[in-house]
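S.K.:
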Amino acid sequence: MSRSALWRQEGNVKGRQREAEELFQLAVEEGRNTRQKNLLQLWGPDDSFHFNPMLLQNIIQSNYFQKCCRDITDWNMLVDEIYYQVKHLQPWAAGSNKEPSTAFCLLLRLLTLRCTEKQMQLMLDHADSPYIRAIGFLYLRYAGDPKSVWNWIEPYLYDEEPVQVEASASKRKETIGDFVRMLYGSRNNYHGTMLPRLPIQIEREIKVKLLQAEKIEQRAQKHLADRTTMDYFKKLGSKCQALYGDEENPVTWYEAVVDRVITTNEKTMEPLRAPKFVVHFPEYGNTETVELGEMEMPGLNTDDAPVRGGFSERESDRNYSRGRDNRGYHSSDSGKGYNDRDRDGRGYRAQTPNDRGYGGGRGYRGGRDNASRKGDGRWERDSGRDRGGGRTRPGGAGMPSEGDLYEEVRRRERDTVAASSRSQYSRRSQSTKESISKHHYRESERGHAGRAHGAPQRDAQRRSVNESEAPAPKRKSPEEIAAIQAKKRKLMAKYG
Numbered sequence: 163m164s165r166s167a168l169w170r171q172e173g174n175v176k177g178r179q180r181e182a183e184e185l186f187q188l189a190v191e192e193g194r195n196t197r198q199k200n201l202l203q204l205w206g207p208d209d210s211f212h213f214n215p216m217l218l219q220n221i222i223q224s225n226y227f228q229k230c231c232r233d234i235t236d237w238n239m240l241v242d243e244i245y246y247q248v249k250h251l252q253p254w255a256a257g258s259n260k261e262p263s264t265a266f267c268l269l270l271r272l273l274t275l276r277c278t279e280k281q282m283q284l285m286l287d288h289a290d291s292p293y294i295r296a297i298g299f300l301y302l303r304y305a306g307d308p309k310s311v312w313n314w315i316e317p318y319l320y321d322e323e324p325v326q327v328e329a330s331a332s333k334r335k336e337t338i339g340d341f342v343r344m345l346y347g348s349r350n351n352y353h354g355t356m357l358p359r360l361p362i363q364i365e366r367e368i369k370v371k372l373l374q375a376e377k378i379e380q381r382a383q384k385h386l387a388d389r390t391t392m393d394y395f396k397k398l399g400s401k402c403q404a405l406y407g408d409e410e411n412p413v414t415w416y417e418a419v420v421d422r423v424i425t426t427n428e429k430t431m432e433p434l435r436a437p438k439f440v441v442h443f444p445e446y447g448n449t450e451t452v453e454l455g456e457m458e459m460p461g462l463n464t465d466d467a468p469v470r471g472g473f474s475e476r477e478s479d480r481n482y483s484r485g486r487d488n489r490g491y492h493s494s495d496s497g498k499g500y501n502d503r504d505r506d507g508r509g510y511r512a513q514t515p516n517d518r519g520y521g522g523g524r525g526y527r528g529g530r531d532n533a534s535r536k537g538d539g540r541w542e543r544d545s546g547r548d549r550g551g552g553r554t555r556p557g558g559a560g561m562p563s564e565g566d567l568y569e570e571v572r573r574r575e576r577d578t579v580a581a582s583s584r585s586q587y588s589r590r591s592q593s594t595k596e597s598i599s600k601h602h603y604r605e606s607e608r609g610h611a612g613r614a615h616g617a618p619q620r621d622a623q624r625r626s627v628n629e630s631e632a633p634a635p636k637r638k639s640p641e642e643i644a645a646i647q648a649k650k651r652k653l654m655a656k657y658g
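Each number in the working numbering comes from the position in the sequence shown (counting from 1) with 162 added on.
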């Protein structure tokens, strides 16, 4: 090939890259100028969305993403495309580390289109495809406000719908609950790309809540495996212990009596994976609906009780109808039966049970199962009564403090870092390991010899001489300072 032909080819490649960048910037500007109401607040930069730079560039340059930017102009069309095209949730296509997957191309297109609160709830509750739901969770992980993300993910922590995460068809499927917990668990490495780092304090608070939810789920599984316990709980009038807490008092155990057993989702009429119970607390007179994992036999040791925090009612069993005729999501934001999410502890404004649904279409799950009950909720104060003070809970054993759970989270983080370090060391060659060992040995020998001959004093004297002779730092000009500040602003805008 002649030199001129090579130049023309290079020019064509650069021209296509420039067109792809312009198309992406146009899509970003359309998202910035959208006039939809109740948009989800984006966290971080609105042009990179915390994507890894290499992954972002590969998506922008891919023909499929460019086609999506031209052809997919609204949320309904994008959901249809997910239904037909997405087969796994890895960022890269099967057998490639350069070709982006359809899932992440459509995720980036959804981020440029922006998503309203109602549309996000419809995605998370969608019955036609688990990939529609999973891309909704990825949207929240990449660009959702960390302060409010727990209200979105909590009802789905133990959702049992299967989904194919890895590109290889031979890999076993995971559940939606496993996928959600993995996104907010200890690992930020997601199948070859890095998930955005959450603010450290919020990240640890989420991990503490995940640990609390884990304890409740473990207790529920223990009860389901014990037929005697389940028969006892299902008998009306049975005395038990149940968890309760509010905004001012930590969650703890109280004596309760079973009033009613709930075995079906009252919106979809589908059977529940685990029954719920309407109980009343004789000491205070209020009535609440509790999960199976929030109950215990009377008088048993309850050391593993969670501490202060909200546990809204989880509904894992959904209607998995795959019918295309009644998918139900081709409706405007003003459709009847939908309510905007509120950012309180429960995730919804106080409403009657009939107002909390998300529509009756078969294409969507019934949302959270909110049984009618006396009182506004488990986390509301009941008639001004104080549950604090020096009351001794049933079982008599001390319960772990919030600090204990926080320390457990820190311990798991340290274990993860240590395991990663050991893994990196084991992958090194034998010669590298030997050189590292020799280096550590020489350093330790040098330290012993120095301490034996008074080396610390000589080192201190040498440092003082060097510091006294060190030249004064060069002062920067106003132009240099302005350039440094401008560079910092660009880095913060790009990487947060």
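By construction, the Cβ of each residue, glycine as well, lies at the ideal position given by its N, Cα and C atoms. Remember, predicted model here, so these are calculated numbers, not experimental data.
For Asp-388, does the count of other Cβ atoms within 10 angstroms reach 16, so buried, or fall short, so exposed?
M.R.: Translated into the one-based positions of the sequence shown, residue 388 becomes position 226. Counting Cβ neighbours within 10 Å, Asp-388 comes out exposed, since fewer than 16 surround it.
S.K.: Using a Cβ-Cβ cut-off of 8 Å (strictly less than) and excluding sequence neighbours within five positions of Val-571, which residues of its own chain qualify?
M.R.: Counting from one through the sequence shown, the residue named residue 571 turns up at place 409. For Val-571, where only same-chain residues beyond five positions count, the Cβ hits under 8 Å are Arg-366, Lys-369, Val-370 and Leu-373.
S.K.: What are the boundary residues of the alpha helix (DSSP H) that includes Arg-637?
M.R.: Reading the sequence shown from its first residue, position 475 is the one you call residue 637. Unbroken run through Arg-637: none, as it is neither H nor E.
S.K.: Within the continuous alpha helix (DSSP H) that includes Cys-267, where are the two ends?
M.R.: Here residue 267 is taken as the residue at index 105 of the sequence shown, counted from 1. From DSSP, the alpha helix (DSSP H) with Cys-267 extends over 264 to 275.
S.K.: For a quick check, are the C-beta atoms of Phe-443 and Val-423 less than 7 Å apart?
M.R.: For the purposes of this step, residue 443 is taken as the residue at position 281 of the sequence shown. For the purposes of this step, residue 423 is taken as the residue at position 261 of the sequence shown. No, they are not a contact pair.
S.K.: Could you compute how far the alpha carbon of Lys-649 sits from the alpha carbon of Glu-181?
M.R.: Translated into positions along the sequence shown, residue 649 becomes position 487. Translated into positions along the sequence shown, residue 181 becomes position 19. Approximately 27 Å between the Cα atoms of the pair.
S.K.: Let's test the definition: count the other Cβ atoms within 10 Å of the Cβ of Val-452 and tell me whether it reaches 16, buried, or not, exposed.
M.R.: Here residue 452 is taken as the residue at index 290 of the sequence shown, counted from 1. By the neighbour-count rule (16 or more Cβ atoms within 10 Å), Val-452 is buried.
S.K.: Taking the alpha-carbon positions, what's the Phe-395 to Gln-383 distance?
M.R.: Here residue 395 refers to the residue found at position 233 of the sequence shown. Here residue 383 refers to the residue found at position 221 of the sequence shown. Straight-line Cα distance between these residues: approximately 14 Å.
S.K.: What is the C-beta distance between Leu-270 and Phe-211, in whole angstroms, given that I count them as a contact (C-beta under 8 Å)?
M.R.: As a working mapping, residue 270 is identified with position 108 in the sequence shown. As a working mapping, residue 211 is identified with position 49 in the sequence shown. Going by Cβ atoms, the distance from Leu-270 to Phe-211 rounds to 7 Å, so yes, they are a contact pair.
S.K.: Taking contact to mean 3 or more Cβ pairs, one atom from each stretch, closer than 8 Å, check whether the stretch 267 to 287 and the stretch 234 to 254 are in contact.
M.R.: Contact holds: three or more Cβ-Cβ distances are below 8 Å.
S.K.: Quick one, which of Gln-219, Cys-230, Val-441 and Ile-364 has its alpha-carbon nearest Lys-397's?
M.R.: Numbered from 1 along the sequence shown, position 235 holds the residue referred to as residue 397. Lys-397 has its Cα closest to that of Val-441, out of Gln-219, Cys-230, Val-441 and Ile-364.
S.K.: In this structure, how does DSSP classify Glu-458 when only helix, strand and coil are distinguished?
M.R.: Reading the sequence shown from its first residue, position 296 is the one you call residue 458. Strand at Glu-458.
S.K.: Check each candidate in Asp-577, Gln-198, Leu-202 and Leu-319 and name the one with the smallest Cα separation from Ala-296.
M.R.: Here residue 296 is taken as the residue at index 134 of the sequence shown, counted from 1. Closest by alpha carbon: Leu-319.
S.K.: What would DSSP say about Lys-401, mapped onto helix, strand or coil?
M.R.: As a position in the sequence shown, residue 401 is number 239, starting the count at 1. It is a strand residue.
S.K.: Is the Cβ-Cβ distance between Leu-345 and Arg-276 less than 7 Å?
M.R.: Mapped onto the sequence shown, residue 345 falls at position 183. Mapped onto the sequence shown, residue 276 falls at position 114. Not in contact: Leu-345 and Arg-276 (Cβ atoms no closer than 7 Å).
S.K.: Where does Gly-407 land, buried or exposed, given buried means 16+ other C-beta within 10 angstroms?
M.R.: As a working note, residue 407 is residue 245 in the sequence shown. Under this definition Gly-407 is a buried residue.
S.K.: Is there contact between the stretch 198 to 205 and the stretch 278 to 296, where contact requires at least three CB pairs shorter than 8 Å?
M.R.: Contact between the stretch 198 to 205 and the stretch 278 to 296 is present, because at least three Cβ pairs lie under 8 Å.
S.K.: Measure the alpha-carbon distance for Glu-409 versus Asn-313 and round it to whole angstroms.
M.R.: Here residue 409 corresponds to residue number 247 of the sequence shown, with the count starting at 1. Here residue 313 corresponds to residue number 151 of the sequence shown, with the count starting at 1. Their Cα atoms are separated by approximately 16 Å.
S.K.: Taking 8 Å as the cut-off, does the stretch 326 to 333 touch the stretch 254 to 266 (at least 3 CB pairs, one atom from each stretch)?
M.R.: Yes, they touch.
S.K.: Where does Val-325 sit, in a helix, a strand or coil, going by DSSP?
M.R.: Start at 1 with the first residue of the sequence shown, and residue 325 comes out as number 163. Residue state, collapsed to three classes: strand.
S.K.: Can you tell me whether Trp-237 is helix, strand or coil according to DSSP?
M.R.: Here residue 237 refers to the residue found at position 75 when the sequence shown is read from its first residue. It is helical.
S.K.: According to the Cβ coordinates, are Ala-305 and Leu-218 closer than 7 Å?
M.R.: Here residue 305 corresponds to residue number 143 of the sequence shown, with the count starting at 1. Here residue 218 corresponds to residue number 56 of the sequence shown, with the count starting at 1. No, the Cβ-Cβ distance between Ala-305 and Leu-218 is not below 7 Å.
S.K.: Output the distance between the C-alpha atoms of Asp-208 and Ala-189, rounded to the nearest integer angstrom.
M.R.: Stepping through the sequence shown from its first residue, residue 208 is reached at position 46. Stepping through the sequence shown from its first residue, residue 189 is reached at position 27. So the two alpha carbons sit approximately 11 Å from each other.
S.K.: Kindly indicate which three-state DSSP category Asp-421 falls into: helix, strand or coil?
M.R.: Within the sequence shown, numbered from 1, the residue matching residue 421 stands at position 259. Strand, per DSSP.
S.K.: One question on the structure: do Lys-335 and Pro-324 come within less than 7 Å of each other, judged by their Cβ atoms?
M.R.: Locating residue 335 in the sequence shown gives position 173, where the first residue counts as 1. Locating residue 324 in the sequence shown gives position 162, where the first residue counts as 1. Yes, these two residues count as a Cβ contact at 7 Å.
S.K.: Just how far apart, CA to CA, sit Phe-186 and Thr-337?
M.R.: The count along the sequence shown starts at 1 and reaches residue 186 at position 24. The count along the sequence shown starts at 1 and reaches residue 337 at position 175. If you take the alpha carbons of Phe-186 and Thr-337, they lie about 33 Å apart.
S.K.: Terminal residues of the continuous alpha helix (DSSP H) containing Leu-217?
M.R.: For this step, residue 217 is matched to residue 55 along the sequence shown. Looking at the DSSP string, the run of the alpha helix (DSSP H) that includes Leu-217 is 215 to 223.
S.K.: Apply the 10 Å Cβ neighbour rule to Ala-581 and answer buried if 16 or more other Cβ atoms are within range, or exposed otherwise.
M.R.: In the sequence shown, the residue the question calls residue 581 occupies position 419. Flag for Ala-581 reads exposed.
S.K.: Excluding the 5 residues flanking Ser-493 on each side, which residues of the same chain have their C-beta closer than 6 Å to its C-beta?
M.R.: In the sequence shown, counting from the first residue as 1, residue 493 sits at position 331. Here the model assigns Ser-493 a pLDDT of 44, short of 50, so the residue's position is not dependable, and the following value carries that caveat. Around Ser-493: no qualifying Cβ.
S.K.: Is Asn-195 helix, strand or coil by DSSP?
M.R.: To locate residue 195, count along the sequence shown from 1; it is residue 33. Correct three-state label for Asn-195: coil.
S.K.: For Gln-363, I'd like the list of residues in its chain whose CB is within less than 6 Å of its CB, leaving aside the five on either flank, ordered along the chain.
M.R.: Mapped onto the sequence shown, residue 363 falls at position 201. Closer than 6 Å at the Cβ level, and outside the excluded window around Gln-363, lies no residue.
S.K.: For Ile-222, count neighbouring Cβ atoms within 10 angstroms of its own Cβ and tell me buried if that reaches 16, exposed if not.
M.R.: If you number the sequence shown from 1, residue 222 lands on position 60. Ile-222 comes out buried.
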